[in-house]
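Student: My questions all concern the structure below.
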Amino acid sequence: MFMGCAGAYVEKDKLAANVYGSAAFGLSVFMSSIIFGPISGAHMNPLVTLVCLAFGRIRWTGAVLYMASQQAGALVGYGLLYVVIPPDVQEAVRADAPRGLVCCTIPMDSMDSWSAVLAEFIVTSILLGNVVAGMANPPTDTSTPAFQAGILVAGICVLEAIYTGASMNPARSVAAAAWNGVWDRFWVYIVGQALSVVFVVTVYAVFRTRR
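For what it's worth, my numbering labels the leading residue of the sequence shown as 653, then goes sequentially.
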């Protein structure tokens, strides 16, 4: 959360900020996967944990601890931005940001809420699809899934972040909304991502039974 959102503070230009932020999120996912993947699986996302829970890769107690840690980490990570980023940089970037919000997942004003739900459903399904693909065919090289996840997150963010923020992670959206006190159309992310989990788990279960 900290590394990804910090990337949005380096440029005031909206397009440049999107590219920097997308690259930062992708690299943070890659690095976290490399470091923590062999230890804990590097879920970083409650949705990934739910998918693993659905297929018995983790127990309920572990899942609850994982998700609590993910939310706490996101809250602390976003809060660190206020400590590390110089105040003048924060003010300059926020002055040019829509509604003065940086790294918040809010659908663009001209976007219909249900279109935003669909967009979040699609990008989250792509992300989770990569996760279940790794479950079905575990790679022998541990760096491969980390690289795939990083590239995937960066690519999705570059293409879709301007529309909904490309959340794909409820912990990330909750943290930004909580720190800024802005919950506009937050339900869009809950609905889109929840439907994505159900869809991906169902599709994977169906294909697994047919193999």
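For every residue, glycine included, the Cβ atom is placed at its ideal position computed from N, Cα and C.
#1: Could you give the first and the last residue of the continuous alpha helix (DSSP H) run that contains M655?
#2: According to the neighbour-count rule (16 or more other Cβ atoms, all chains shown, within 10 Å of its Cβ), is V775 buried or exposed?
#3: When you compare the CB positions of L780 and V703, do they come within less than 8 Å of one another, or not?
#4: Could you tell me the distance, in whole angstroms, from the CA atom of F688 to the CA atom of P797?
#5: So, at 7 Å on beta carbons, what are the nonlocal neighbours of G731 in its own chain, with the 5 sequence-adjacent residues on each side left out?
#6: For C755, which of V858, A846, V834 has the nearest alpha-carbon?
#7: Looking at the structure shown, is V754 part of a helix, part of a strand, or coil, going by DSSP?
#8: From S777 to G673, what does the alpha carbon distance come to, in whole angstroms?
#9: Where does S685 land, buried or exposed, given buried means 16+ other C-beta within 10 angstroms?
#10: Start and end of the alpha helix (DSSP H) containing N832?
#11: How about E772 and V852: are their beta carbons less than 8 Å apart?
#12: If you run the structure through DSSP and keep just helix, strand and coil, what is I774?
#13: Within a Cβ cutoff of 8 Å, which residues of the same chain sit near F799, ignoring the five residues on either side of it in sequence?
Tutor: Taking the structure as given:
#1: Numbered from its first residue, the sequence shown carries residue 655 at position 3. Run containing M655: 654 to 658, per the alpha helix (DSSP H) assignment.
#2: By one-based count along the sequence shown, residue 775 stands at place 123. Result: buried.
#3: Translated into positions along the sequence shown, residue 780 becomes position 128. Translated into positions along the sequence shown, residue 703 becomes position 51. Against a cut-off of 8 Å, the Cβ pair of V703 and L780 comes out as a contact.
#4: Taking the sequence shown and counting its residues from 1, the one referred to as residue 688 is at position 36. Taking the sequence shown and counting its residues from 1, the one referred to as residue 797 is at position 145. Cα-Cα distance, rounded: 12 Å.
#5: Taking the sequence shown and counting its residues from 1, the one referred to as residue 731 is at position 79. When the five nearest sequence neighbours on each side are left out, the beta carbons in the same chain lying within less than 7 Å of the beta carbon of G731 are those of W831, in order along the chain.
#6: By one-based count along the sequence shown, residue 755 stands at place 103. Residue V834 holds the alpha-carbon nearest to the alpha-carbon of C755 among V858, A846, V834.
#7: By 1-based counting over the sequence shown, the position of residue 754 is 102. V754 falls in the coil class under three-state DSSP.
#8: Here residue 777 refers to the residue found at position 125 when the sequence shown is read from its first residue. Here residue 673 refers to the residue found at position 21 when the sequence shown is read from its first residue. For S777 and G673, the distance between alpha carbons rounds to 21 Å.
#9: By one-based count along the sequence shown, residue 685 stands at place 33. Residue burial annotation: S685 is buried, with at least 16 other C-beta atoms found within 10 angstroms of its C-beta.
#10: Here residue 832 refers to the residue found at position 180 when the sequence shown is read from its first residue. Per DSSP, N832 belongs to the alpha helix (DSSP H) from 822 to 832.
#11: Sequence index remark: in the sequence shown, residue 772 carries index 120 (1-based). Sequence index remark: in the sequence shown, residue 852 carries index 200 (1-based). No; because the gap between Cβ atoms is not below 8 Å, this pair is not in contact.
#12: Your numbering for residue 774 matches position 122 in the sequence shown. DSSP places I774 in helix when its eight states are reduced to three.
#13: Within the sequence shown, the letter at position 147 stands for residue 799. Within the same chain, Cβ atoms closer than 8 Å to the Cβ of F799 are found at F682, the five residues on either side in sequence being excluded.
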